[in-house]
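S.K.: Starting off with a structure, shown below.
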Amino acid sequence: MKRKLLFVLGLLLCHSQISSSQTLTSAHFRISDRENGIRSIELTINNMIIIGLNSTGDISYIDEAEGALADYTSNSEYTDNEHSKFIANQKIEYYDRFDDEKSGKIKWIGGIKIDYNDNFDIHDPRGKIKSIGNIQIKYNNAFDVHDKSGTIKSIGAIQIKYNNAFDINDPAEKVKSIGNVKITYFNSFDAKRLFGKIKSIKGNSKKIYVTK
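Mind the numbering: the sequence shown is residues 1 to 212 in the UniProt record's numbering, read in order.
Okay, structure coming up:
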């Protein structure tokens with residue numbers, strides 16, 4: 001009985017932490033030799049929820065972080081549209097058909113509100129994720145004249161930079177840095193067959209790490 005009470009209190013505490021504020025525990029970015037920009041991103045929120053983003057910045061999956069709720073086992077539940085109903089014991093809700101381009105997209109994960117750019121974000125790409133709770137996601141737009149519009153510029157405090165017109169010897173639009181992680185590529189001074197391939201990734205940490 002005591003163990004069950006402690007477990008329930010633990011779940012309530014986890015829900016309270018998720019509802020009040022979001023901490024970006026870690027961010028894993030994947031890049032490619034062959035493609036420009038970011039291939040995928042995996043964000044771990046509050047050590048509990050994993051949110052996967054694809055190359056276009058859309059949510060591709062959500063999952064429970066390993067060990068988040070060690071004693072909890074849930075049966076998978078789905079909506080009529082085959083959307084998941086729960087993750088890490090947090091209820092998932094979706095925007096309805098009256099929400100224009102947001103329709104069908106994830107709106108809430110427990111107490112975490114997911115918002116997307118809409119008609120009021122006139123300079124930013126519509127439909128892209130705008131925020132995950134209090135974690136803001138920004139994109140290069142018309143004011144960023146040297147960078148490709150629509151590419152992710154920052155996630156929370158993590159700044160993302162790309163090779164642009166000033167990097168005359170390097171492959172254009174490749175990711176140059178993510179936070180303190182620096183990426184270099186074989187460039188015009190190297191063999192032509194190697195041009196654009198990743199030469200080094202330096203500065204990885206538990207908080208921010210980049211892989212191929």
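The beta-carbon is built from N, C-alpha and C at its ideal position, and this holds for glycine as well. From a predicted model like this one, the values you see are computed outputs, not experimental measurements.
What is the rounded straight-line gap between the Cα of lysine 200 and the Cα of glycine 179?
M.R.: Residue numbering aside, residue 200 sits at position 200 when the sequence shown is read from its first letter. Residue numbering aside, residue 179 sits at position 179 when the sequence shown is read from its first letter. The question names lysine, but residue 200 is serine in the sequence shown. Taking the straight line joining both Cα atoms gives about 15 Å.
S.K.: Could you tell me the alpha carbon to alpha carbon distance between aspartate 99 and phenylalanine 143, rounded to whole angstroms?
M.R.: One-based indexing of the sequence shown puts residue 99 at position 99. One-based indexing of the sequence shown puts residue 143 at position 143. Their backbone Cα atoms lie some 28 Å apart in a straight line.
S.K.: Does any residue of chain B bring its CB to less than 8 Å from the CB of glycine 203?
M.R.: Absent from the structure is chain B; it holds one protein chain and no more.
S.K.: Pull up the distance between the alpha-carbon of isoleucine 59 and that of phenylalanine 120, whole angstroms please.
M.R.: Position 59 of the sequence shown, counted from the start, is the residue given in the question as residue 59. Position 120 of the sequence shown, counted from the start, is the residue given in the question as residue 120. Using only the alpha carbons, I get a separation of about 21 Å.
S.K.: Would arginine 30 and serine 21 be called neighbours here (beta carbons separated by less than 8 Å)?
M.R.: Counted from its first residue, the sequence shown places residue 30 at position 30. Counted from its first residue, the sequence shown places residue 21 at position 21. Going by C-beta atoms, arginine 30 is not nearer than 8 Å to serine 21.
S.K.: What's the C-alpha gap between isoleucine 155 and isoleucine 129?
M.R.: Your numbering for residue 155 matches position 155 in the sequence shown. Your numbering for residue 129 matches position 129 in the sequence shown. Those two C-alpha atoms are separated by around 10 Å.
S.K.: Arginine 126 by DSSP, collapsed to three states: which one?
M.R.: Residue numbering aside, residue 126 sits at position 126 when the sequence shown is read from its first letter. Look at arginine 126 here: in three-state DSSP terms it is coil, with no helix or strand label.
S.K.: For phenylalanine 166, write down the residues that DSSP places opposite it in a beta bridge.
M.R.: In the sequence shown, residue 166 corresponds to position 166, counting from 1. In the DSSP output, where bridge partners are listed per residue, phenylalanine 166 has none listed.
S.K.: Quick check on the DSSP output: the beta strand (DSSP E) that includes arginine 34 runs from which residue to which?
M.R.: Position 34 of the sequence shown, counting from 1, holds the residue named residue 34. Counted as a single uninterrupted DSSP element, the stretch harbouring arginine 34 is not any beta strand (DSSP E), since DSSP gives it neither H nor E.
S.K.: Kindly indicate which residue of Lys102, Lys176, Thr211 has the alpha-carbon position closest to the one of aspartate 118.
M.R.: Here residue 118 refers to the residue found at position 118 of the sequence shown. Of Lys102, Lys176, Thr211, the residue nearest in Cα terms is Lys102.
S.K.: Please list, in chain order, all residues of the same chain as histidine 123 whose beta carbon is under 7 Å from its beta carbon, the five residues on each side excluded.
M.R.: Here residue 123 is taken as the residue at index 123 of the sequence shown, counted from 1. If we look at histidine 123 and ignore the five residues flanking it on each side, its Cβ neighbours are Asn141, Ala142, Phe143.
S.K.: State buried or exposed for tyrosine 116, treating a residue as buried only when at least 16 other CB atoms are found within 10 Å of its CB.
M.R.: Start at 1 with the first residue of the sequence shown, and residue 116 comes out as number 116. The residue in question, tyrosine 116, is buried, as its Cβ has 16 or more Cβ neighbours within 10 Å.
S.K.: Which residue marks the beginning of the beta strand (DSSP E) containing arginine 30, and which one marks its end?
M.R.: Taking the sequence shown and counting its residues from 1, one reaches residue 30 at position 30. Looking at the DSSP string, the run of the beta strand (DSSP E) that includes arginine 30 is 24–30.
S.K.: I need the DSSP call for aspartate 144, collapsed to helix, strand or coil.
M.R.: Along the sequence shown, one-based indexing puts residue 144 at 144. If DSSP states are grouped into helix, strand and coil, aspartate 144 belongs with coil.
S.K.: Using 8 Å as the threshold, is the C-beta distance between isoleucine 114 and isoleucine 135 below it?
M.R.: Translated into the one-based positions of the sequence shown, residue 114 becomes position 114. Translated into the one-based positions of the sequence shown, residue 135 becomes position 135. No, they are not a contact pair.
S.K.: Classify threonine 44 as buried or exposed, calling it buried when 16 or more other Cβ atoms lie within 10 Å of its own Cβ.
M.R.: Counting from 1 along the sequence shown, the entry for residue 44 is found at position 44. Per the 10 Å Cβ criterion, buried.
S.K.: By the three-class DSSP mapping on this structure, what secondary structure does lysine 192 have?
M.R.: To locate residue 192, count along the sequence shown from 1; it is residue 192. Lysine 192: helix per DSSP, three-state reduction.
S.K.: Work out the CA separation of alanine 191 and isoleucine 152 for me, nearest whole Å.
M.R.: Here residue 152 corresponds to residue number 152 of the sequence shown, with the count starting at 1. Here residue 191 corresponds to residue number 191 of the sequence shown, with the count starting at 1. One C-alpha to the other measures close to 30 Å.
S.K.: List the whole-angstrom C-beta distance separating serine 26 from lysine 206, where the pair is believed to meet the contact cut-off of C-beta under 8 Å.
M.R.: Here residue 26 corresponds to residue number 26 of the sequence shown, with the count starting at 1. Here residue 206 corresponds to residue number 206 of the sequence shown, with the count starting at 1. Confirmed, Cβ separation roughly 6 Å.
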